[in-house]
Structures are given as C-alpha cells and as structure tokens.
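Protein chains in written order, with the numbering used here: chain A, 14 to 181; chain B, 38 to 243. Every residue, glycine too, gets a C-beta built ideally from N, C-alpha and C. None of the values given here were measured: they were computed from a predicted structure. These notes concern the structure reproduced below.
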Amino acid sequence: MEPKKPFELVVREHGPTVLRVCRAVLGAHDAEDGWSETFLSALKAYPELPAGANVQAWLVTIAHRKSIDIVRARSRQPLPVDELPVRPSGIGIPGDGHREVLDAVGQLPPKQRQAVAYHYLAGLPYKDVAGLLGGTPDAARRAGADGVKALRTILLDSSLSYVKEETR
Amino acid sequence: MTVDHHEPDVSELLAPLDSVEPAVMQRLHDRLATAAAQQHTLDIAYRTVDSPIGKLLLAATERGIVRVAFEVENHDAVLQLLAEKLSPRILFSTSRLDPAARELDEYFSGTRHRFDLPLDFSLSRGFRLSVLEHLPQIAYGHTESYAQVALAAGSPGAVRAVGTACATNPLPVIVPCHRVVKSDGSFGNYLGGTEAKRTLLALEAA
C-alpha cells in the first residue's frame, strides 16, 4: 500500500481540477469560497482517508457537499436586484471564451450542470456521479448528455448573436 | 487522474474552463494555509531557506521547529517521512517559520550566537534525546568530543551511540551537533557532509 502523501502534494495535484468543478457548479463568483471550504475540510479529514483511496473522487465528493451548502446559504439570504452588478472577472480576461462557457454552464439546470462538471471536468465515471446526485447511472449519463447538448445550443446561439451584432 | 472526456468535441467545448492561472492557485493555497493554521488543522508547516551550506528545509509543528534538513537528504523524501511519522497534514507556509528563517540568517551572517526558537523534539527518544538536549550547552565557537558528550548525557560508555545521535539529529545547525568532533581533533562525520561541518566550524571560529 502506498503511504499517504503530504497534503501539499494533494493541493498541487488536484487544486486546479477542483477549482474548475467549483466554477462550473457554483459560478465564478462563489467558486473560490467553494474551493477553500473543500480543501479546508479535506485537510481536516485527510489522516482518516484510507490509503489507496481515489483522492480526486474524494475531493469532488467534498466539493459537491460544500457547493450544496453554499447554494443553500445564498438562497436563504436572497438579494433581489434588477440587474447584476458589474464585477471584476476572477477567471481571466472577459471575452477570451471563459465567460461565455461559464455563463452557458450556469444556465443549465443544477443536475445537468453537476453531471457535466463531475463527469467531464473531474473525470468521474457516471456510476460515481450517480452516487453523488442520487438516481441511477443511466439517469446521470442522460443528465450529462443533455447538459452537453444544451451547452452546444446555448453557445451556438450566443456566437450567432455575436456575429449578427458584429456584422450589423 | 487523466480526464477521459470520451468525446473529443466535448473536451473542445469545455476547453476554455481548463485554464487555471497559477496566480489564482497561489492565492487560494495561501488562504488555505492561513485558515488551516487558525483552525489548528495545519500539523506541519514548511519552507526552505538559502544558506552557505545549501538550501535548508525547515518544518514546524504548532509546538516548534521539528525538522531542519539538508539538500542532500532530498527534501521531498524528508516531507514524506514527516507525513508517515508525524502527520500528513503538511502545507507549504512561510509565516510559522519566519522567526526561524530570520535567526538562521543572522547566524550565517555571524551576528547570532545562539538560537532562541521553540523546538519540537517529537522525532527523538531516549538516549538520543538526552544527547540532543545537551548539545545547545556547547558554546558557540567551542567543540566537545564524542566521549565528553557521552559523559555529559549520562552514559560515559555510549560513545558510539552519541555518534548515532548526532548523525540522526533532526534539527542540525539549530541543535549544534557540528560542535561535536573526534577526540583527535578531526571533524568526524556530518549528515550535511564534511564540507558543511567545516564551513560551520570556520564560521564560528571567525
């Protein structure tokens, strides 16, 4: 059995993937809080993690629970506004493609968004995705496929309207 | 884990999400280390410092400095051993080790003659621990023989064991095992290499 690595190596190896998952599930604004709470909680529990466990799947499980907590906490304190305030982008230069894809992912229903994030961004098999979301692996697979199909439509629409605006 | 996207066009579709800037990861890492220290879940913080005897790794628990390691020991291997012997809850973090880095800096520039740092001797037991506890009493610029240290540690016959205690000192430089030399005046062995021992003794003799 392989001995447990220093947690520093876990952060270096899996930190970027967990951030991508948090961005997809929570959006750019809450992603960093989700990441921090995930790794803080993982560090606490790390000594008890069985040796040889799939660390990335374990981290995604924690990120999933933390994301639900964050979404619930946010919905308990609703702040209705007509228009979203302008915020500095925490995810790079606006217009370089990040924002569009992230916005598109944000428009998906929660199940589809999570299925896309956990399967396509974190590489979890649909069996594990189903374990997180509840339901059967087939249902998870369908949510993932529907999510990707919807993403294509949304991105195609937005790029079409962008082209229309440009050529007007 | 390699991410198998199954369909190449899906991975192309999601590719813009793949970029995570190093500056963002750095900021998140620092925030994690700070929060973990506040919540007492950071069992071991570590950093490296440059010195005339090469890059040194410093590691500290909440109780104090627990390990100083030479570059020749392989810092990655040292961290792995700490993970197995003490705790895997290890993160790179400078703040807990700032005082140690400063005192080492002063020591190597010749302005500091004794260290004033909390030490954690968790890695040493029994006779080896008694040897290590005696070493700081050898004054700066002075040396003692292995036999003298054996006597001071309470076991005059345990000269070889003193050699082992010095060779496995988890806190070299700060706990000055370099001040222990052979009775004939020759240097004897040193974990950081004979050259490093020579450098330290020359620094203190200056």
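Residue i versus residue j: straight-line alpha-carbon distance, rounded
i                 : j                 : result
His155 of chain B : Asp113 of chain B : Per the sequence shown, residue 155 of chain B should be read as Pro rather than His. Going from the Cα of Pro155 of chain B to the Cα of Asp113 of chain B covers about 24 Å.
Gly147 of chain B : Leu141 of chain B : 10 Å
Glu108 of chain B : Leu95 of chain B  : 11 Å
Asp135 of chain B : Val212 of chain B : 18 Å
Leu119 of chain B : Asp116 of chain A : 44 Å
Glu181 of chain B : Val218 of chain B : 6 Å
Leu169 of chain A : Ala158 of chain A : 17 Å
Val114 of chain A : Leu51 of chain B  : 7 Å
Ala41 of chain A  : Met62 of chain B  : 14 Å
Glu58 of chain B  : Pro173 of chain B : 46 Å
Tyr139 of chain A : Ala130 of chain A : 11 Å
Glu21 of chain A  : Ser192 of chain B : 41 Å
Ile167 of chain A : Trp71 of chain A  : 31 Å
Ser48 of chain B  : Pro150 of chain A : 21 Å
Tyr183 of chain B : Asp153 of chain B : 25 Å
Ala74 of chain B  : Gly194 of chain B : 44 Å
Ala230 of chain B : Arg68 of chain B  : Before going further, note that residue 230 of chain B is Gly rather than Ala in the sequence given. Going by the C-alpha atoms only, they are around 37 Å apart.
6 Å CB neighbourhood of residue i in its chain, flanking five on each side removed
i                 : result
Ala156 of chain A : Lys124, Gln125, Ala128
Pro130 of chain B : Note that residue 130 of chain B is Ser in the sequence shown here, rather than Pro. Cβ within range, chain order: Ala70, Ala82.
Ala190 of chain B : Ser167, Val168, His171
Gly108 of chain A : Annotation note: pLDDT 45 at Gly108 of chain A (below 50); position unreliable, coordinate value reported separately. Excluding positions up to five away in sequence, the list is empty.
Closest by C-alpha distance to residue i, when choosing among the options
i                 : options                                : result
Gln76 of chain B  : B:Arg126, B:Ala243, B:Asp87, B:Asp221  : B:Arg126
Ile81 of chain A  : A:Ala55, A:Val68, A:Ala117, A:Glu50    : A:Glu50
Arg104 of chain B : B:Glu181, B:Thr180, B:Ala137, B:Lys219 : B:Ala137
Cys35 of chain A  : A:Thr149, A:Lys79, A:Arg87, A:Pro150   : A:Lys79
Gln69 of chain A  : A:Asp43, A:Arg25, A:Ala135             : A:Ala135
Ala44 of chain A  : B:Ser88, B:Gly230, B:Leu54             : B:Leu54
Asp87 of chain B  : B:Cys214, B:Ala202, B:Tyr144, B:Gly101 : B:Tyr144
Ala106 of chain B : B:Arg216, B:His179, B:Lys92            : B:Lys92
Thr85 of chain B  : B:Leu79, B:Ala72, B:Cys203, B:Arg139   : B:Arg139
Glu99 of chain B  : B:Val115, B:Gln117, B:Ser124, B:Leu238 : B:Ser124
Val84 of chain A  : A:Leu62, A:Lys57, A:Gly119, A:Pro150   : A:Gly119
Ala86 of chain A  : A:Asn67, A:Asp46, A:Glu26, A:Asp141    : A:Asp46
Chain-order list of residues whose beta-carbon lies under 7 Å from that of residue i (same chain, five-residue window excluded)
i                 : result
Leu146 of chain A : Lys124, Gln127, Ala128, Ala153
Gly28 of chain A  : none
Asn226 of chain B : Ala204
Ile151 of chain B : Before going further, note that residue 151 of chain B is Arg rather than Ile in the sequence given. These residues qualify, in order along the chain: Tyr177.
Cβ distance (whole Å) where residue i is taken to contact residue j below 8 Å
i                 : j                 : result
Leu128 of chain B : Trp48 of chain A  : Not a contact, Cβ separation roughly 15 Å.
Phe224 of chain B : Arg235 of chain B : 6 Å
Ala72 of chain B  : Leu53 of chain A  : 6 Å
Cβ-based neighbour list, residue i, same chain, cut-off 8 Å, excluding 5 preceding and 5 following
i                 : result
Tyr133 of chain A : Gly157, Val161
**Asked** Is the stretch 207 to 223 of chain B in contact with the stretch 152 to 171 of chain B, if contact means three or more CB pairs nearer than 8 Å?
**Response** yes
**Message:** Is it the case that the stretch 188 to 205 of chain B contacts the stretch 163 to 174 of chain B, given that we only count it when at least three CB pairs across the two stretches are under 8 Å?
**Reply:** yes
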